[in-house]
Amino acid sequence: MGAEDKDGFPQEAEGFTPGAGGVPAGANGLPAGADGLCQGFPEPPEDASLDDSVLAGLGSGLRGVFITFEGLDGCGKSTQMELLAEGLRERGYVVLVTREPGGTPLGEAIRDILLNPRYKGMAARAEALLYAAARAHLVKEVIRPALEDGQVVLCDRYLDSSLAYQGYGRGLGVEDIITLNVWATECLFPDLTLFLDLDDAVRASRVASVPDRLEAEDDDFHRRVAEGYRKLLLDHPHRIRRVDASGSEAEVQARVRAVVEEELGLFSH
Ligand code: TYD
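The structure is reproduced here in structure tokens:
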């Protein structure tokens, strides 16, 4: 692996394959301190079947494929995720679509707390822990079992939202947020993350008229989150792919599928 920058992320990802659900220790930009938590994950099988070939080299030992969608409010990721799910189902994949925070009754209850403007001023660490708690439950109850079953899991937001919003937006730092999430998810990381990039003016026109607790934060917070995503894109070019989210739904979907095909080959099998 290449040299590490100040956040502990590899600057070059020599020989690094994007992914993955439970990547080998230290191979996915995890801080050194988090390495011990990731040990003991199985090697990918040598006799790769068709499904396994999609995951070749990812080292998760899980049969499915895990794709997450990221972006700022109003970038259109939920719509694009649904369109991708449709396309994959037409190809014969079993696809599970879920979201964060949420996706389970407990997760939705935690979501209600997190987004409720009544809790304005929630301590940043409490916020990070609640997002991680919702994620821990979703991973254990929904995502990991689906991946073990060989399904394609599409998740609206995941780790990178915590890095952008809590790590950068709240200033908690990416290293602690990664460490927290390594523990919360037992090292389950996406095979591919798509960042849907859309102009501020277009996004603003789509944002809900009654803002939730996060949307109601001031411009500085949203600027730090946006800059955080930019930094994540720069620091993690092999893990996060930027997708231009301007244009019609169909145009954006074509770009999404092109990236999914390029990275994971899901449309050519
Ligand atoms: P949601 O309505 O799902 O936002 P969107 O439709 O834009 O995806 O609300 C989720 C909010 O929670 C959103 O503002 C981003 C924020 N968030 C975090 O701050 N940290 C996280 O880890 C996650 C998953 C979301």
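For the sequence shown, this note's numbering gives the first residue as 45, with consecutive numbering after it.
Each residue gets a CB set at the ideal place from its N, CA and C atoms; glycine is no exception.
Q.
Could you tell me the alpha carbon to alpha carbon distance between Val139 and Gly115, rounded to whole angstroms?
A. 21 Å
Q. Can you name the residues that DSSP bridges to Thr223?
A. Looking at the DSSP assignment, Thr223 forms no beta bridge with any residue, so it has no partner.
Q) Between the Cα of Val186 and the Cα atoms of Gln297, Tyr209, Val296 and Phe110, which residue gives the shortest distance? A) Phe110
Q: State yes or no: is the C-beta of Pro145 nearer than 7 Å to some heavy atom of the ligand TYD?
A: yes
Q | Asp117: CB within 7 Å of a non-hydrogen atom of the ligand TYD | A | yes
Q: Tell me the start and end of each unbroken beta strand (DSSP E) in the segment 148-215 that is at least 3 residues and wholly inside, in chain order.
A: 196-200
Q) Out of curiosity, what's the CA-to-CA distance linking Val226 and Ser290? A) 33 Å
Q: Confirm, please, whether the CB-CB distance from Leu224 to Ala167 is below 8 Å.
A: no
Q) What do you get for Gly211, buried or exposed, if any count of 16 or more other CB atoms within 10 angstroms of its CB means buried? A) buried
Q: Just the C-alpha distance for Pro88 and Gly136, rounded to the nearest angstrom, thanks.
A: Confidence in Pro88 is poor, its pLDDT being 38 and thus under 50, which makes the residue's placement unreliable; the coordinate value appears in the next sentence. About 23 Å.
Q.
Give me the residue from Leu277, Pro255 and Pro281 with the minimum Cα distance to Lys164.
A. Pro255
Q: Please work out which residues of its chain come closer than 7 Å, Cβ to Cβ, to Leu277, disregarding the five sequence neighbours upstream and downstream, and give them in chain order.
A: Phe239, Ile284 and Arg286
Q) Would you say the beta carbon of Gln210 comes nearer than 7 Å to a heavy atom of the ligand TYD? A) yes
(Q) Looking only at its chain, what residues have a beta carbon closer than 7 Å to the beta carbon of Ala190, apart from the 5 residues adjacent to it on each side? (A) Gly108, Leu140 and Val197
Q.
Comparing C-alpha positions only, which one of Cys119, Ala180 and Pro234 sits nearest to Gly147?
A. Ala180
**Q.** Test item: CB-CB of Arg301 and Leu128 under 8 Å
**A.** yes
Q) Arg135 lies in the beta strand (DSSP E); which residues open and close that run? A) Per DSSP, Arg135 belongs to no beta strand (DSSP E) and is neither H nor E.
Q: Specify the secondary structure class of Arg247 as computed by DSSP and reduced to three states.
A: helix
(Q) Looking at the ligand TYD, does it come within less than 7 Å of Leu158, judged from the CB to the closest heavy atom? (A) yes
Q. Excluding sequence positions up to five away, which residues of its chain have a Cβ less than 6 Å from the Cβ of Leu173?
A. none
Q: Look up Glu271 in the DSSP assignment and give the residues it is bridged to.
A: For Glu271, which the question treats as bridged, DSSP gives no partner whatsoever.
Q | Any non-hydrogen atom of the ligand TYD within 7 Å of Leu258 CB | A | yes
**Q.** Sequence-distant residues of the same chain with beta carbon closer than 8 Å to Gly194, five excluded per side
**A.** Asp95, Arg107, Gly108 and Val138
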